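**Student:** The opening residue of the sequence shown carries number 1 in full-length UniProt numbering; numbering runs sequentially from there.
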Amino acid sequence: MTVETHCPYCALQCGMTLDGAQVTPREFPTNRGGLCQKGWTSGALLTNPMRLTKPLLHGNPVSWDTALDFVAERIQGIQEEHGRDGMAVFGGGGLTNEKAYALGKFARVALRTSQIDYNGRFCMSSAAAAGNKAFGVDRGMPFPVTDLDDADVILLVGANPAETMPPFMQHVKSGLIVVDPRRTATAERAMLHLKPAPGTDLALALGILHSVFSEGYAEHSYIEHRTQGFADAWRIAAKWWPERVERVTGVSATDQRAVARMLAKAKNAYILTARGTEQHASGTDTVSAWINLALALGLPGRPGSGYGCLTGQGNGQGGREHGQKADQLPGYRRIDDPQAREYVAGVWGVDPDSLPGPGRSAYELLDALGRPDGPKGLLVFGSNPVVSAPRARHVTDRLKALDLLVVADFVPNETTALADVVLPVTQWAEEEGTLTNLEGRVLHRRPALLPPPEVRSDLEVLQELATRLGTPAKAFPTIPEEVFDELARASRGGIADYSGITYARLRDGEALHWPVPSTQHPGTPRLFTEAFAHPDGRARFVPVDHKGPAEAPDEDFPLYATTGRVLAHYQSGAQTRRIDELVKAAPESYVEVHPDTAERAGLTEGDMAKVESRRGEVQARVRCVSSMRPDTVFLPFHFPGANSANRLTNPALDPVSRMPEFKVCAVRLAPWGDS
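(1) Please report the straight-line C-alpha distance between Asp353 and Ala326, rounded to a whole angstrom.
(2) Val633 and Ala561 - do their beta-carbons sit closer together than 9 Å?
(3) Within the continuous alpha helix (DSSP H) that includes Glu605, where are the two ends?
(4) Check Ile271 in the structure and name its three-state DSSP category.
(5) Please identify the residue among Asp152, Ala429, Ala362, Val625 whose C-alpha is closest to the C-alpha of Ala190.
(6) In or out: Asn437 buried (at least 16 other Cβ within 10 Å) or exposed?
(7) Can you give me the Cβ contacts of Pro671 inside the same chain, cut-off strictly under 8 Å, excluding the 5 residues immediately before and after it?
(8) Alpha helix (DSSP H) containing His220: first to last residue?
(9) Report all residues from its chain with a CB closer than 6 Å to the CB of Leu56; omit the five preceding and five following residues, and keep chain order.
(10) So is Asn97 buried or exposed if we call it buried at 16+ other beta carbons inside 10 Å?
(11) Between Phe557, Glu581, Asp556, which has its C-alpha nearest Ala568's C-alpha?
(12) Curious, which full-length beta strand (DSSP E) runs of at least 3 residues does the segment 126 to 176 contain?
(13) When the Cβ atoms of the segment 323 to 342 are set against those of the segment 441 to 461, are three or more pairs found closer than 8 Å?
(14) Is it buried or exposed, Thr576, if we count other Cβ atoms within 10 angstroms and call 16 or more buried?
(15) Can you tell me which of Thr254, Glu246, Leu202, Ser252 puts its alpha carbon nearest to the alpha carbon of Ala233?
(16) Using the three-state DSSP reduction, which class does Glu510 fall into: helix, strand or coil?
(17) Given Pro242, which residues of its chain have a CB within under 7 Å of its CB, disregarding the five upstream and five downstream residues?
(18) Buried or exposed: which applies to Arg507, given that a residue is buried once 16 or more other Cβ atoms fall within 10 Å of its Cβ?
(19) My assumption, with CB atoms under 8 Å, is that Arg526 sits in contact with His534. Please give the rounded CB distance.
(20) Going along the chain, which residues of its own chain have a beta-carbon closer than 7 Å to the beta-carbon of Arg398, five neighbours each way excluded?
(21) How many Å lie between Lys376 and Gly494 at the Cα?
(22) Please confirm if the segment 402 to 412 is in contact with the segment 264 to 277, defined as three or more CB-CB distances below 8 Å between the two stretches.
(23) Which value, in whole angstroms, describes the spacing of the CA atoms of Leu78 and Pro640?
(24) If I follow the unbroken beta strand (DSSP E) through Asn97, where does it start and stop?
(25) Quick one, which of Gly564, Pro451, Phe168 has its alpha-carbon nearest Val635's?
(26) For the alpha helix (DSSP H) that Glu599 lies in, which residues bound it at each end?
(27) My assumption, with CB atoms under 8 Å, is that His521 sits in contact with Gly500. Please give the rounded CB distance.
(28) Just reading off the beta strand (DSSP E) that Asn650 is part of, what are its end residues?
(29) With a threshold of 8 Å, are at least 3 pairs of Cβ atoms found where one atom belongs to the segment 309 to 318 and the other to the segment 111 to 126?
(30) Going by beta carbon distance, what residues of the same chain come within less than 7 Å of Thr467, once the five residues before and after it are set aside?
(31) List in chain order: all unbroken beta strand (DSSP E) runs of 3+ residues lying wholly within the segment 410 to 488.
(32) Check this for me: beta carbons of Arg578 and Ala44, under 9 Å apart or not?
(33) Going by the CB atoms, is the gap between Val411 and Arg51 shorter than 9 Å?
(34) Determine whether the Cβ of Glu219 lies closer than 9 Å to any Cβ atom of chain C.
(35) Look at the alpha carbon of Cys624 and the alpha carbon of Arg182, and state the distance between them as a whole number of angstroms.
(36) Is the segment 541 to 553 in contact with the segment 279 to 297, if contact means three or more CB pairs nearer than 8 Å?
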């Protein structure tokens, strides 16, 4: 049977068809019949011999009843001894909308714990916070990706889609400007590449904004009628003239002025940001600085122009809208809003006062595990924090300190290896559900084949645990369409309003971008055309200033390290490292380094290097790259153990988004084996 579906990986959600495990690309607006190497090989995961097929208790196969009874008994014991917050939940940005919603509800209704967050906190939380401040709403791209086809200029900051989501590049026809410390595959295609020192993007944005205003390019009518707060933002930007910015960033004043001119002169222009902008201890401010630039040029809400953020994980958008985040309820409602609590509690049939308040953010939650005032038990769904979390060895130690670790997944990974209980669950082509792609478009994922006999869906697992904990089974339906209908009701009137979306409309092929407030509503592919989401309809300039990275290079650790993705792998690599073709393409970690920097460290091409920070060390194969900044090294983060780049990364947190500073830390370089 041939089934139309979508790729299981990034938020582009490329269209494909499946015949069993055989993948064929299909025409869909985001990918237009193209797939990347990961998409082409995604079917191989469906028949992988390492697939988890039986529950494991302390590493031994057991029945589902034995496993679930054990988990429920341990949860009850922990909560009796340590209170409701003795248990915690950690979710994932790859879960379907239905699973993300059910997981958030399970935490608040069945466990009644405040301790829930998810790995999406490590993905788009800074862009979400900045978008909410500026526009009153967080939707990664407030326009369809196909709008980019007609752009004259696209300023792409901290993104490498030529490797991370290659079909996206079909929409980039000309006029590409790239901001990235590395000369990536995307930068190779740019007409202008700016290479700021890691952690200085905010200063660069201020310098370009200074040029826009001082050289007469600002859209004063737009600023006056559609925004507020420009004077306060300009008061800071006025101090960042391009020559000063050049000294901080390394980007020439000439190039800064050229970017300002090209954006201003373009008929259709876009500014797009991604993880390189966000994954900093000042990530929210940095994204705000680029949004300020877009507002000064009058781009957001203007036909053919705009600001957007490239979402990373497959359901990075929907995953943060329906209750996995520590501070949110479904529909992108705040959990500390009394009206939101009352409304959602009504949908759930519980007392609003029974709902917990906000909990810890992702890293803070992981850091608290097993401590006297932290959770003693953790349920993990759709995440591999042993590899993906910052300061990864420390996080591993915290996981080992738990009284109970339960992981639901479909392939073994570095986190399942630590678990007391492993629950085998369905994967992408074996289940029905919805995801929300980078454009805010809700997509229907259809099942293409049956799961192995003893594998259950996440929804079934949550129902089974909930009933063992005393919650009626009807509170946790296991049919995805029923869960979605409840999600739609719970989101009604919220920022992310799905109440008018139904499976029937999705099956009929309607292109539904939220908000969709009624079943007669056609969806909202383009936001801000008439007003922004603040009560007065105006966007906000947010005054921000450059502070620099939380950890700068010094005499002991003289180099910047930055991390990112490569073409062949996805996220922690738990899935892609199971596919032979992808492992052959990228078998091990490596460190990109300028040849002169390598020589000073006693290294040459192909040597095994030790890269060390204040938090740990990793082993990586040297790649000498002449386009690298001499003060910067790069490592991919998909690999485990001694190759794990996140052993180096700094958990310094953004004060608003609580995003860790993945993208810059201080390191030193030496031959592997040197003491």
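Each residue gets a CB set at the ideal place from its N, CA and C atoms; glycine is no exception.
Computed from a predicted structure; not experimentally measured.
**Tutor:** Taking the geometry as given:
(1) Cα-Cα distance, rounded: 17 Å.
(2) Result yes, Cβ atoms of Ala561 and Val633 sit closer than 9 Å.
(3) No alpha helix (DSSP H) contains Glu605, which DSSP labels as neither H nor E.
(4) DSSP places Ile271 in strand when its eight states are reduced to three.
(5) When only C-alpha atoms are compared, the closest one is Asp152.
(6) Per the 10 Å Cβ criterion, buried.
(7) Closer than 8 Å at Cβ, skipping near neighbours: Ala601, Gly602, Leu603, Asp607, Met608, Ala609, Lys610.
(8) Segment 220 to 226, the alpha helix (DSSP H) holding His220.
(9) The answer, listed in chain order, is Val422.
(10) By the 10 Å Cβ count, Asn97 comes out buried.
(11) The residue with the shortest Cα to Cα distance from Ala568 is Glu581.
(12) Runs of the beta strand (DSSP E) lying entirely within the segment 126 to 176, each at least 3 residues long, are 153 to 157 in chain order.
(13) No: fewer than three Cβ pairs fall under 8 Å.
(14) Thr576 is buried by the Cβ-count criterion.
(15) Considering only alpha carbons, the answer is Leu202.
(16) Glu510: coil per DSSP, three-state reduction.
(17) Contacts found: Gly207, His210, Ser211, Ala253, Gln256, Arg257.
(18) Exposed is the call here.
(19) The C-beta separation of Arg526 from His534 comes to about 18 Å, leaving the pair out of contact by the 8 Å criterion.
(20) Correct list, in chain order: Leu366, Asp367, Leu369, Gly370.
(21) Roughly 33 Å between the two C-alpha positions.
(22) At 8 Å Cβ cutoff, the stretches do not touch.
(23) It is Ile, not Leu, that sits at residue 78 in the sequence shown. Linking Ile78 to Pro640 through their CA atoms gives a straight-line distance of about 30 Å.
(24) Under the DSSP assignment, Asn97 falls outside any beta strand (DSSP E), being part of the alpha helix (DSSP H) whose first and last residues are 97 to 105.
(25) The sequence as given places Leu at residue 635; Val does not occur at that position. Of the candidates Gly564, Pro451, Phe168, the one whose C-alpha sits nearest the C-alpha of Leu635 is Gly564.
(26) Note, Glu599: alpha helix (DSSP H), 595 to 600.
(27) Taking the Cβ atoms as the reference, His521 lies roughly 5 Å from Gly500, within the contact range of under 8 Å.
(28) Unbroken beta strand (DSSP E) run through Asn650: 650 to 653.
(29) Taking 8 Å as the limit for Cβ pairs, the verdict is that the segment 111 to 126 does touch the segment 309 to 318.
(30) If we look at Thr467 and ignore the five residues flanking it on each side, its Cβ neighbours are Ala473.
(31) 421 to 424, 433 to 436, 442 to 445, all fully within the segment 410 to 488.
(32) Yes. Within cutoff.
(33) The answer is yes: Cβ separation under 9 Å.
(34) Considering every chain present, this structure includes no chain C. It has just one protein chain.
(35) Approximately 13 Å, taken between the alpha carbons.
(36) Touching, yes, given that three or more Cβ pairs across the two stretches are closer than 8 Å.
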